[in-house]
Each structure stands twice: as C-alpha cells, then as structure tokens.
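Read the structure below first, then the notes.
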Amino acid sequence: MIHVPQLIIDLAFILGVAGATTLLFKWLKQPLVLGYIIAGLLVGPNFPYLPSIAEVESIQIWAEIGVIFLLFSLGLEFSFKKLAKVGGTASITAVTEVVGMLLLGYITGQLLGWSFMDSVFLGGILSISSTTIIIRAFDELGVKSQKFASIVFGILVVEDLVAILLLVLLSTVAVSQQFGGTAMLNSVVKLAFFLSVWFLGGIYLVPTFLRKAKKLMNEETLLVISVALCLLMVILATNAGFSPALGAFIMGSILAETIYAEKIEHLTKSVKELFGAVFFVSVGMLIDPKMLLEYAGPVVIITFITIFGKAITSGLGALASGQPLKQSIQTGLSLAQIGEFSFIIATLGLTLKVTSDFLYPIAVAVSAITTFTTPFLIRFSEPFYNWLEKKLPESWKKFLINYSSDAQTISSVSDWQVVLRSFAQPIITNSVVLISIILLTTNFLVPFITNAIPVEPWGRLAAAIISLSVMGPFIYALAIKRIRNRAYSRLWQDKIYSRGPLVALEIARIVLALLLVGFMLDQLYSIRVALLMAIILIGVIFPLFRQRLRKTYERIEQRFISNLNAREAEEPTNKLLPWDAHLAHFVVSPESDFVGKTLIELGIREKFGVSIAQIERGRLTIPIPEGRERLFPADKITVIGTDEQLSQFKPFIEVSMPPEDPTATQAAVGLRQLIVDKKFPYLGLTIRDSHIREKTHGLIVGIERNGERILNPAPTTIFQLGDIVWLAGDQRLIRGVEQPSFATTEILS
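Each residue of the sequence shown is one higher than the one before, starting from 1 at the first, in UniProt numbering.
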C-alpha cells in the first residue's frame, strides 16, 4: 500500500476547511482573512470537535513561506518612487499615527499590568493599519476616487516602510530586553545602510539582468526568476542579521521599479494567496477560545484604544500636515483598524519567546472586530464631520481653513538648501557604495587573494589594486566631481559670508574620501602607510585619470537612472491646492452612454464641472485631450474635480450593471431549416421584401432548390414552393415568426 506523507494529509485538511469557511465568508461579504483565521481555529489543537493536524512544525514552515510571499507582494506594490511621491502629508500623518499608537499601546499594556515586552509589542501591533481591509472597504463603498482616499493610500505606503523598521527595532528590543539607545541607534543605522546598498545595487543589477534576458523570458521563466531573486534576498537579509520578511520586501520593492512589475505581481499572485492562506490558518491555530474568554476585558479595552486612538492620531497628523478638517476626519476613521502586519509582529514576539501566550489571540480578536467596524467608520466619517462643523466655534473653523491654506502654499527654497541637497546626494550615495565595497574587500576579497597568492607582498598588493580600481569612479564622484549650479554660483559671489562655508564643504568631501580609502588600505597595511597611499591616490593619481573615471562614473550613473525610470513616467500630482479639487482615475465602461462620443458632444465640464486631463488607451497616452477626441471602452481617464463633482460623474462613466439573472433565457443563435410550402407567409416574395432578416435578426445562409444549392442568396432571390431555406439567427425570434404548418428541423443550437 502506498503511504501518503502526513504533510499532504495535513495540507488537504487545512485547505479543505479553509475553502469551506472562505466560501461562507465570501457569501457573507466579509474579508477572507477572517475565514482563514476561523479555519485555523477549527483545525488547531484548541478545538476538540474536529481532528487536529499532526505535523505542526511543517505547517509553521509553510506559514513562514507565506509571510515571505506576503511581504514580497507588498514590496511589489510599494516602490521607492511611490514613497518619494507621497509627500509631506502622508509622511507626517503616518509618523504621528505610529508614534502615538506605540505610546498608547505601551501605556495600555502597563496599566493592564502586563510585562515590559508585552506592552512594547502591543504598541507595535496597534501601530500599523491594514492595507488589505482598507482597499476592500474603499472598493465596496465606492470612495476610491475621493481626495481622502489618495491620502490614505500614501499613508499606507509610508506605513509599509515603518513596519519594516518596527520589525528590526522590536527584534533589537527583544534581544536587549530594554530601550537601549545605543543598540537602537545601531539597528537603525545598520538598517538604513543595508536598505541603501540593496536599493542602489538592486536597481543597477536586477533590471539590467531582466532586460538582457528579455528575449529568453516567458511567463514561466519570469516566475521562476522572480521567486529565486526573492529567496536569494531573503538569504542575504538573514545572513546580515535581519528577518527573512525584510529581504522579501526589499526584493519586491526593487522589482517594483522594473517594467515587469505588474506582470510579476500577476504571476506571483496565486503563489502568494496559497501560502498566505496557510499563514493566516496558522494564525488561527494559535487562538485559544478559553484564553479569549479569560481576556475578554482587555480585548474590549484594546479595541476601544485602537479605534479611537488611531482615528485621533491619524486625524491630528493629517491636520498638522495642512489637510482640511473634512479630509483629516475621513483619513483618521479610515485607518482605525489593525491587520496582517499586526499578525506578523505578534508572530515575531512568539518566535523570539519574549511575549506571553495571551497577546497573540488578543491581537487576532481586535483585528477581527476592527475589520467589521472599518466600513461603518468610513461611512460615518462625513456625517460626523457635518455634525462637528456645526459645533465648532467660527474662530476655530477660520483658523483651520487659514492654517490649511498656508500649509499647502509652496514655500520658496533658499540657495543654501539647493546647494546642501546637491552636496548631500552624491556624498551619501557614494559613501554607501564605497563602504559596501570596503566590507566586501575586507571579508571576502582579501582572504581569497592572500590564500591564492601567499607570497608577500604581492597578495596584499593585488587585493589593494583590485579594490581601488572598483572604488575609483565612486571616489571621483565623492571627492573630485564638480558640483555646480546657479545657487552655488550666486553664493560663491558672496565672498564674505558664503565662500568660506562652500570651501569647507569641498574640503569635507575630500577628507571623507581620504578617510574611506585610508580605512580600506588600513586592512592591508599599517596606518601610516595607508594614509600616505591614500593621500597620493586622491591628490595625484586620481586627478591624472580624471577623464576616464568621469566617463566610467557617468556610464554607471546613466545605467542606474535608466533602470530607475524604466517604467512609465510618473503621474502628475493629484493635488490642486488650496482648492478641494484633485485628480481621480476612472475606466470607461463598455455600457456607458459616453462611449463613441466626442468630448464636445458630451459637454462633461458643463454638466459635471470636471475636466479630463488625460486619456490612456492601451499604450497610447493622450494628455489634455482636445474636444474632438472620442471616448472608447476600457479607456483610462484622469479627471480633475471635487469629491462631489467626481461622485456625480462616476455613475455615468463607470456603469454598474445589475447582476445577471441565471434563470433568464439567453439569446441562442442557431441554424434552422425551413421548408417552404403553400402556407409559407413569404411565398413569392423576395428575401428583401419579406423582411425576414429584420424579424429574426438572422441571415439566409442558403437555399436548396430542385437539388441545387444556392449559397448566400442575393436579396432579390424569390422564395419558391419546395425551397429548403437555411436560416441562422436568434432561435426565439425564429420561433416567433414560424407558422404551425411549417415543417422545421433544428440543426444546430
């Protein structure tokens, strides 16, 4: 008898129960994540009425793979360019919310008498909102085109990065068991350094590799390569002392900058959903109903803290960033829940064995409750704003309006700000690259070459030459490359106050390059020799090879920028400040009455007050379309208007069709044979005069007459006695014009 591995039996059981519960939740129109968690509870060891899985350890490995793919897909949606575009509103709001909830969570845990680590992890669990739940709620409520929705999406992008940082910081706190300032700072600096290295190296190498292999790439190979790159980065992150989830997120964000981002997201979606389902089932397996009953009080308290705390901190953050009161309230109430990242943070606490067993099921329970409340809070946000506006004093309302207008006014940038930015960018990026080269040289290149060439001093000399050759272009960019712009020139004219600081900046970057080269050489020679060689290199040799180094660096820089901008040009900003108008995106439904009509005929601006800024049709982009431009099905249009104007416009462009009635009789096109006898109503008439085509929505395919066949007869053909007519058309209409005396035979339906 063939033996089936226990893992397959467990997976069959898990997926079977998960499938049944998710069907139920789909029918109830509830998030599938909750269905998976309930399935985990049913198959877990704490539910005695169903068999429990046997190999829990194997399922936990599958769950870890699920976390990797969840973070990988999150990275694909993240994109560093998105982070650069979200602006100050999203950043200020996200930071305010995260810091506020970290403090509220910690204070709540302490007031409940929990341990230090339980309180710290509770703050982490409550600090990140759920992207999945918010997007689903926005879709159901039809508010994605409103202005506050774009603010929320920007906040979620920032929160993704903050959540990654939280995972690193919480791991550090878990190891040290305290808020160690030095340890925390080291972790942040280390994370920032490795993020920079992976981003710079990944953007330079990965898109280049994919572009070179484009001719050999199909969906199968792209899927395999994407998963391989993800797992490779997981290994690198783990060896660097970070979590596997961080590596998956980083590789996803790198691939998000390539032209294959959408395709990779599509190909990996099924893999993510399968392993993600196992992860959420494993979440449910850790729930103990008895413990939930025991801690029902803390669940209620923490749910209250989550809803009101996140609504208040997010709303205040949006207000502080300059958003109007209405958008701030809508933003705050939209973010009042926790979700998938909370489970990952809670899992981290259990994995590191620093949190109590009750914290995990409490987090799941709070997530479930806030999932149900989110749609109601979003729907309640506008009525609450209307009520609050009536209660606020006029002086407060005037102050908020003036503050919002002033905060959203574009401020001038001083010359010193421009110059400092122009110095900071090359200094930071090239320093990161040089430090990473030094680390690779010290840990890998030097041991390898000295073992291969044991004869002194040739081994160390070869290692130094190779390292300096690789570092050369970046040393040139850091220390020698000129940084000149109009702001620099204007400041240089001011000999008394500005020329001295500018010279100091030039000297500082040369000294920094000198120290980095000296540090690398110090690994091979004494300090004196290293400094002497560094001075000779930067002061004499590098200037001699300046042109060659410049060309090499320009090629590297051009390749990096080309890879970074490989995808479509950035969309225009979706803000028109200080007005409430903003950009929204719609897809023209085939059922819309607007299809096929010109913009002049539609008079959209006159009827709705909105303007069409752009039309995307396949690969064609039409910016600022003219009045004679027509709308076609599946056109993606960018529209400018206020929330009210856009909500009035949306039903006309994105037509919601009623669900199809499965019991309705469908129109069936078939081929039927009609025999013409004396009672045939069209006997003696031509095909045109009989109007049989119009009456049946059909086509006379052929006529058989006296043994001869007439294919596609002309409209002037006359029906004669004994003809056999072949008619293709709507079966229902054909039956409607048939006479009882007809001898008909259905050939095909």
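C-beta atoms are modelled at their ideal positions from N, C-alpha and C, and glycine is treated no differently. Just so you know, these numbers come straight off a predicted model, no measurement behind them.
By the C-beta density criterion, I465 is exposed, having fewer than 16 other C-beta atoms within 10 angstroms.
With respect to K310, L335 sits close: the two C-beta atoms are nearer than 8 Å.
Annotation: the continuous alpha helix (DSSP H) that includes G124 extends over F116 to S127.
Closest in C-alpha terms to V188, from the list S342, F242 and Q146, comes F242.
Assigned with DSSP and collapsed to three states, I718 falls in strand.
Here the C-alpha atom of N712 lies approximately 17 Å from the C-alpha atom of N706. For Q425 and L505, the gap between their C-alpha atoms comes out near 13 Å. Residue environment: F25 is assigned as buried (16 or more neighbouring CB atoms within 10 Å of its CB, all protein chains considered).
The C-beta distance from V234 to A256 rounds to 17 Å, too long to fall under 8 Å, and the pair is not in contact. The stretch 327-344 and the stretch 102-112 do not touch, with fewer than three beta-carbon pairs separated by less than 8 Å. Excluding sequence positions up to five before and after G75, its CB lies within less than 6 Å of the CB of F249, G252 and S253, all in the same chain and listed in chain order. The C-alpha of T642 is placed about 19 Å away from the C-alpha of L602. Along the stretch 449-507, the beta strand (DSSP E) does not occur as any fully enclosed run of 3 or more residues.
Our two residues, P51 and L232, have alpha carbons roughly 37 Å apart in a direct line. DSSP links V227 through a beta bridge to no other residue. Per DSSP, the continuous alpha helix (DSSP H) segment holding V364 begins and ends at L359 to K391. In this chain, the alpha helix (DSSP H) harbouring P289 covers P289 to E294.
DSSP places F632 in the coil class of the three-state scheme, outside both helix and strand. Taking all protein chains shown into account, E97 has 16 or more neighbouring C-beta atoms within 10 Å of its C-beta and is therefore buried.
Of all alpha-carbon atoms in G124, L599 and F680, the one lying nearest the alpha-carbon of L348 is that of G124.
Annotation for E273: the continuous alpha helix (DSSP H) segment containing it runs A261 to M285.
According to the DSSP assignment, V701 belongs to no alpha helix (DSSP H) but to the beta strand (DSSP E) extending over L699 to R705. When C-alpha distances from L468 are compared across I541, R559 and Q146, the shortest belongs to I541. Proximity to F341 across N443, L631, L531 and S129 peaks at S129, based on C-alpha coordinates.
According to DSSP, residue pairing for P623 in a beta bridge involves Q614. Look at E257 here: in three-state DSSP terms it is coil, with no helix or strand label. Taking 8 Å as the cut-off, the Cβ atoms of T371 and P31 count as close.
The continuous alpha helix (DSSP H) containing I600 extends over residues L599 to L602. Burial state of I38 is buried, judged by a 10 Å Cβ sphere holding 16 or more other Cβ atoms. Contact check for F560 against I345 fails: the beta carbons are separated by 8 Å or more. In the DSSP assignment, L711 falls outside any alpha helix (DSSP H) and within the unbroken beta strand (DSSP E) covering E708 to L711. In the assembly as shown, R546 is an exposed residue. Its beta-carbon has fewer than 16 other beta-carbons within 10 Å. Setting aside the 5 residues that flank it on each side, I427 is surrounded in the same chain by L478, R509 and L512, each with a C-beta closer than 8 Å to its C-beta; the list follows chain order. Closest in alpha carbon position to I378, among A149, R460 and S526, is A149.
Taking a 10 Å sphere around the C-beta of P48, we find fewer than 16 other C-beta atoms and assign the residue as exposed.
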